[in-house]
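Protein chains in written order, with the numbering used here: chain A, 1 to 694; chain B, 1001 to 1169.
Have a look at the structure below, then the notes.
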Amino acid sequence: MGEASSVYSICGMCAVRCPIRVEVENGAVKWIEGNPHVSGIEGSLCAKGSAGLSFQYDAERLQSPMIRIGPRGSGQWKKATWDEALDYIEEKLKAVTEKYGARATALADRCGLFTDLTKSFMKALGSPNYMDHDDTCAKNVNIACQSLFGYGRGELGYDFANAKHIVLYGRNVFESLQVKEVNNILDAMENGAKITYIDIRATVTASKADKFLMIRPGTDYAFNLALIHVVLKENLYDQDFVNKWVTGLTELEAFVAPYTPEWAEKETGIPAYEIVKLAREVSSAKPKVIFHGGWMLARYIDSFYSSRSINILNALMGSIETEGGLIVGKGAKDAGVKGLNSLGDKIPGVKDKIFDADLPSKSMGTGHIINLYKVIKTGQPYPVKAFFAYRYDPIASLPDPEAQKKVLDNLDLLVSIDVNYSDTGWYSDVILPEATYLERSNIIAVQKGQKPSLVMRRQAVRPRYDSKPAWEIFKLIAERMGAGQYFPYDSIEDVWNYQLEGTGFEIDDFNAKGQVALSKSPILMDRNDLKFKTPSGKIEFMSSTLAKNDFESLAPYVTPKKPEKGSFRLTFGRTPVHTSAQSQNNIYLNEILSENTLWINETEASELGIRDGDTVEVGADTYSGKIKAKVTPLIHPEAVFMLHGFGSEIPLKTRSFKKGLRDSKFAKGLLETVDPVGGGSAYLECVVKVRKAN
Amino acid sequence: MSNYYIYQDQRRCIGCYACEVHCKTQNNLPVGPRFCRIIQVGPKMARGIPRMQFVFMPCFHCEQPWCVTACPTGAMQKRAKDGIVFVDQSLCIGCKSCITACPWGGPQWDQESKKVAKCDYCMERIDAGLKPACVTKCTAHALHWVTAAEASSLKRELFAREIAENLPY
């Protein structure tokens, strides 16, 4: 037995970032488990989390900085030292900055806990152009929430553990899973909570639900309008709450009057009596009711209004800032303590406006990555010529990779910083390898919630290859760009000490459990003194902010076009064993699932002569690919479905290379197709043709 | 049957395959052998819900293990103190008799070592007072490390509670 130690840290296998405990023996990771001290976790870890061990000891990952020597995307690389790679970046970035100014540089990351570093880095460079990946995630939901409550989606936590009725719209909680959420929902179910699951296909979540309603794709908004219709008509809402905290009820009542359950039945395919029944059931459980704002729901052209209607239902049930409902996430200030110091505090503010602040006919909010593509393409309002993709893979996640590549060709510098070979990395000029989550420490982060805490990802083992932690990578680039004075840190401990200065906490406080609580008990606002960050301070069914931007608060429903015979709406989703397009090459996860299939409705399949297990050809525009069909009655006839993230074109990832198909490749011409209000990518407007392959 | 039993709470199991990966990493297994499996059965429609069952299949550590009887070299053994059935790899000649004998598909072929390997309930962890990897880290706390006697009483309790909860009053 050699030297053994136990390190509390944060998982990095997906963007959920669960708390973990890592056992290390003789400098090698031996065991990873969920942090036993965290409620809802208590040792639990998902398949991806455990496979962190096989990722750590896999040679098919980035091993050193790489510089492109052939054309972009050719896969011709030279291994480089950090100095060589940084020299390359410095030369190109300085040329861009001299010619176009600091604002010609943009950076995108996956958002989440550690963005203070990347935001501060961009501030140090003097560019306003930081953005996250939310356009391909929950941007429409986020902006819908803001328009009602003044709080974004991320600021509202779901108190599933205490809920009595949970309504999920394609939010496949048991497959696209977050460990703590899974346990909270299962606990609630054991305590009698009901789950209603609405989706275009039957998932594991549908299998566990009390009610599964298969809905016609793209008609969730119609379903909700009818639900609101019943709730208002039968006085099923929380009148005290609504009278006190909501504006615009009269307008809502008038607006939903024509949207009867019988009308919605024709749109959605869900029987009218089910809509009436659901309205009555949720009402009897109010205010402990959660209508989940949607995730996969957020990818249609009208997702903003679907999600807004979901959150109108939450408000009608009075389930805001109450046990078993939606609770505003509390931070250090709410707990009455001093928060972390930001790395950007001492960096001067940036005067330039973000690239899409003044774009014509733009959606709500700024920092939309899809707008960035428009700006790179047109050079308007100003050129953006350098782009850093940090732990983010737009080519794999945004629609139409080929169209994206053409736009990215306008860049003078494309840098990918990642632990893995991503599709974007493969198309970059330089790839900088970040140390894996087991090999690096990150900045300390605040985990907002009912009981806010500070959390720490702590290095467990030394890097196996020539990689560096993010804080050091960004410091080194800043130094090269003459902004090194803003990152006066020689070690992560220097960074941590700076962040913790004045908070009363020390680094050692994280030793025992990996996190420190900022509040002993849950913090809830007084229900008689709620604070909403809207202009009126209330929940605005009629939003003044939307009106100011020439958007309606209550938009008429538009029926989606039915695909022609033999054509289907292409939908996609997740499996519990893979993370987006990142993990398909992982030896253990690949062993469980190496290839995706195409779900197709049995009636449609039979008409096309397709049997279960047949190879089918899927095509859109000029692109087509072959895949095995999974014929099932449990998907809506208008849709086909495939798991996201397969069909890698990176030969160095030998286990996942060319295995399965990539959904985003079929989204031909959809790169700029977004929800007009929320600005989120409308992938699900993708239509494909399916036929039996020869 | 060994003294132990892994009880799977079907109500909590979400078929996420984490147990399989917990097992593979703990035993440092190559591609191929899988000491435990989650087998999905269904979906089958039941009262309008497409119910799926996820059946957890480790080795059952039989009281009279046919794999042990079938093994010609004594590599497959039943541990006297607690009944755990395990393979002494140094004695395994790769004859696969145990694979033939076991009705449940427990013994696994390791193509790299050309020997049989199988679930031993993470014997070293048990001896250190811990639970098997699959149970310790189960995503949904659906797997429970109990004695065989506890398993039946647990099942009765859960069943009774479920029946009571569904009563209309």
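Glycine included, every Cβ here is placed at the ideal spot set by N, Cα and C.
Pick from the options: whose alpha carbon is nearest that of residue i?
| i | options | result |
| --- | --- | --- |
| residue 500 (chain A) | A:330, A:342, A:156, A:73 | A:342 |
| residue 567 (chain A) | A:587, A:238, A:666 | A:666 |
| residue 1048 (chain B) | A:214, A:103, A:268, A:58 | A:214 |
| residue 695 (chain A) | A:182, A:19, A:53, A:397 | Since the first residue of chain A shown is 1 and the last is 694, residue 695 (chain A) is not available in this structure. |
| residue 115 (chain A) | A:447, A:589, A:325 | A:447 |
| residue 294 (chain A) | A:186, A:187, A:153 | A:153 |
| residue 647 (chain A) | A:658, A:638, A:640 | A:658 |
| residue 445 (chain A) | A:458, A:433, A:439 | A:458 |
| residue 7 (chain A) | A:542, A:508, A:179 | A:508 |
| residue 173 (chain A) | A:523, A:592, A:202 | A:202 |
| residue 542 (chain A) | A:238, A:312, A:47 | A:312 |
Would you say residue i lies against chain C (beta-carbon separation less than 8 Å)?
| i | result |
| --- | --- |
| residue 640 (chain A) | Within the model displayed, chain C is absent; protein chains A and B are what it includes. |
For residue i, collect the residues of the same chain with a Cβ closer than 6 Å to its Cβ; drop the 5 residues on either side in sequence, then sort them by chain order.
| i | result |
| --- | --- |
| residue 392 (chain A) | 108, 109, 110, 133 |
| residue 52 (chain A) | 13, 32 |
| residue 141 (chain A) | 153, 293, 294, 298, 307 |
| residue 209 (chain A) | 195, 197 |
| residue 288 (chain A) | 163, 164, 324 |
May I ask you to list the residues that DSSP assigns as paired with residue i?
| i | result |
| --- | --- |
| residue 320 (chain A) | A:326 |
| residue 615 (chain A) | A:628 |
| residue 571 (chain A) | A:641 |
| residue 1057 (chain B) | B:1037 |
| residue 201 (chain A) | A:635 |
| residue 29 (chain A) | A:24 |
| residue 1066 (chain B) | Bridge partners of residue 1066 (chain B): none, in fact. |
| residue 388 (chain A) | A:107, A:415 |
| residue 540 (chain A) | A:247 |
| residue 1147 (chain B) | B:1004 |
| residue 623 (chain A) | A:620 |
| residue 4 (chain A) | A:25 |
To which residues of the same chain is residue i closer than 7 Å at the C-beta, ignoring the five residues directly before and after it?
| i | result |
| --- | --- |
| residue 674 (chain A) | 363, 370, 680, 681, 682 |
| residue 695 (chain A) | Lying outside 1 to 694, the shown extent of chain A, residue 695 (chain A) is not represented and no answer is given. |
| residue 461 (chain A) | 24, 27, 28, 29, 438, 439 |
| residue 432 (chain A) | 65, 85, 415, 417, 473 |
| residue 637 (chain A) | 601, 603, 604 |
Given this structure, state the Cα-to-Cα distance separating residue i from residue j, to the nearest angstrom.
| i | j | result |
| --- | --- | --- |
| residue 1025 (chain B) | residue 437 (chain A) | 17 Å |
| residue 1 (chain A) | residue 1077 (chain B) | Caution is warranted here: a pLDDT of 45 is assigned to residue 1 (chain A), below 50, making its placement in the model unreliable, and the coordinate value is therefore given only provisionally. Distance between the alpha carbons of residue 1 (chain A) and residue 1077 (chain B): 26 Å. |
| residue 1125 (chain B) | residue 373 (chain A) | 53 Å |
| residue 97 (chain A) | residue 443 (chain A) | 28 Å |
| residue 506 (chain A) | residue 20 (chain A) | 20 Å |
| residue 464 (chain A) | residue 160 (chain A) | 40 Å |
| residue 1068 (chain B) | residue 1098 (chain B) | 7 Å |
| residue 11 (chain A) | residue 453 (chain A) | 17 Å |
| residue 36 (chain A) | residue 441 (chain A) | 20 Å |
| residue 1163 (chain B) | residue 191 (chain A) | 13 Å |
| residue 605 (chain A) | residue 493 (chain A) | 60 Å |
| residue 338 (chain A) | residue 41 (chain A) | 27 Å |
| residue 336 (chain A) | residue 300 (chain A) | 41 Å |
| residue 230 (chain A) | residue 166 (chain A) | 18 Å |
| residue 1045 (chain B) | residue 1051 (chain B) | 6 Å |
| residue 644 (chain A) | residue 54 (chain A) | 22 Å |
| residue 283 (chain A) | residue 39 (chain A) | 30 Å |
| residue 629 (chain A) | residue 239 (chain A) | 50 Å |
| residue 562 (chain A) | residue 426 (chain A) | 37 Å |
| residue 1032 (chain B) | residue 1136 (chain B) | 23 Å |
By Cβ distance, which residues of its chain are closer than 8 Å to residue i, with the 5 residues on each side in sequence left out?
| i | result |
| --- | --- |
| residue 539 (chain A) | 148, 149, 245, 246, 247, 315, 320, 532 |
| residue 242 (chain A) | 249, 315, 316, 318 |
| residue 672 (chain A) | 370, 373, 374 |
| residue 1072 (chain B) | 1093, 1095, 1097 |
Next item on the list: Identify each residue in the region 1106-1126 of chain B for which the Cβ-Cβ distance to at least one residue of chain A is less than 8 Å, and report them in chain order.
Entry: Contact annotation: in the region 1106-1126 of chain B, no residue has its CB less than 8 Å from a CB in chain A.
Margin query: So if I threshold CB-CB distances at 8 Å, which residues from the region 521-540 of chain A count as touching chain B?
Written below: The residues in question: there are none.
Note to self: Can you pull out the residues from the region 1017-1034 of chain B whose beta carbon lies closer than 7 Å to at least one beta carbon of chain A?
What the structure shows: 1017, 1018, 1020, 1021, 1022, 1024, 1025, 1031
Check: Using a Cβ cut-off of 8 Å, which residues of the region 1065-1083 of chain B contact any Cβ in chain A, in chain order?
Finding: none
Check: Got a sec: which bits of the region 1131-1142 of chain B sit with their beta carbon under 7 Å from any beta carbon on chain A, in order along the chain?
Finding: 1136, 1137, 1138, 1139, 1140, 1141
Check: Which residues, in chain order, does the region 209-222 of chain A contribute to contact with chain B at a C-beta distance below 7 Å?
Finding: 209, 212
Check: Residues in the region 165-198 of chain A with C-beta within 8 Å of chain B's C-beta atoms, listed in sequence order?
Finding: 174, 175, 177, 179, 182, 183, 186, 189, 190, 192
Next item on the list: Anything in the region 652-680 of chain A with a Cβ closer than 8 Å to a Cβ of chain B? List those residues in chain order, please.
Entry: none
Check: According to a CB-to-CB cut-off of less than 8 Å, which residues of the region 1036-1062 of chain B neighbour chain A?
Finding: 1042, 1043, 1048, 1049, 1050, 1051, 1052
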